[in-house]
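A quick write-up on the structure given underneath.
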Amino acid sequence: MHRGVYAMANIFRKRTLNRFAQQVPELETALRNTKMSLEPTLQPPFEMLIRSIIFQQLAYKAAKTIHDRFLALVGKLTPTRVLAKTQEELRSVGLSRQKASYIHNVAEAFSRGGFLWKYRKIESLPSLSTKEITELFIQIKGVGEWTVQMYLIFSLGRLDVLSSGDLGVRKGVMKLYGLEEMPTPKEVEKIAEAWHPHETVGTFLAWRVLDEESIAEADL
């Protein structure tokens with residue numbers, strides 16, 4: 021936990037879940053039968069965005085190995101230390117040329133004089149809306165909406181985040197609503213209009229029902 025930032029417990033409080041169940045009664049049973057627990061990491065954006073880029077499109081074990089090597093190479097994770105390493109040095113830990121470039125982009129954005137310097141600490145973000153944070157961070161080449169959405173959910177604990185393009189969310193929505201085909205991101209957005217302003221509850225629920233389905237299948 022980072023000093024100076026208030027500690028956050030599970031963001032899915034009972035009253036939040038009750039309100040969601042009232043808004044979306046067709047999901048109440050699934051909601052009551054699913055463990056809804058998420059404690060935000062409160063990690064600064066620079067660190068989390070770097071980690072997200074490294075983990076993109078890789079299996080967890082492989083990504084963690086590269087991430088650990090990256091941290092060993094850079095030392096204390098700061099924009100200055102990252103920029104002190106050439107892209108070739110970054111690639112030496114297993115990063116692709118593209119990811120090494122993206123990581124430099126993130127470091128430049130959050131370095132002194134960079135356009136995100138004032139937002140390098142998590143304390144600078146509570147006054148910004150979810151939309152404002154998204155629009156700021158996606159200006160970094162290599163950082164897409166999905167990456168920012170994961171930061172908003174898992175680091176900041178925002179309750180109004182809909183990850184409509186996430187494959188797991190789309191599959192989960194198909195299961196939750198008994199759809200014959202997996203919905204498109206636009207169709208998920210339409211369905212999720214009823215979730216507002218607690219889109220994160222629906223997003224997380226969609227992930228969890230898939231997790232529990234996988235666990236059930238493994239027990240067969």
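In my numbering, the protein residues as written are 21 to 240. Every residue, glycine too, gets a C-beta built ideally from N, C-alpha and C.
With a cutoff of 7 angstroms on beta-carbon distance, S183 and T223 are scored as near each other.
Contact between I73 and K119 holds, since their C-beta atoms are separated by about 6 angstroms, short of 8 angstroms. Comparing alpha carbon positions, the residue from L145, T100, I142 closest to H124 is T100. In the DSSP annotation of this structure, F135 is not part of any alpha helix (DSSP H), being labelled neither H nor E. Secondary structure of L62 (DSSP, three-state): coil.
In this structure, the CA atom of L97 is about 44 angstroms from the CA atom of Q42. Pairwise C-beta distances place the region 56 to 71 in contact with the region 164 to 171, as three or more of them are shorter than 8 angstroms. Relative to the Cα of V208, the nearest Cα in the group Q77, P217, L187 belongs to L187. About 5 angstroms separates the Cβ atoms of A214 and V44, confirming a contact at the 8 angstroms cut-off.
Here H218 has T36, R39, F40, Q43, L179, D180 as same chain residues with Cβ atoms under 8 angstroms from its own Cβ, once five neighbours each way along the sequence are excluded. Taking 7 angstroms as the cut-off, the beta carbon of L230 is found no closer than this to the beta carbon of G185.
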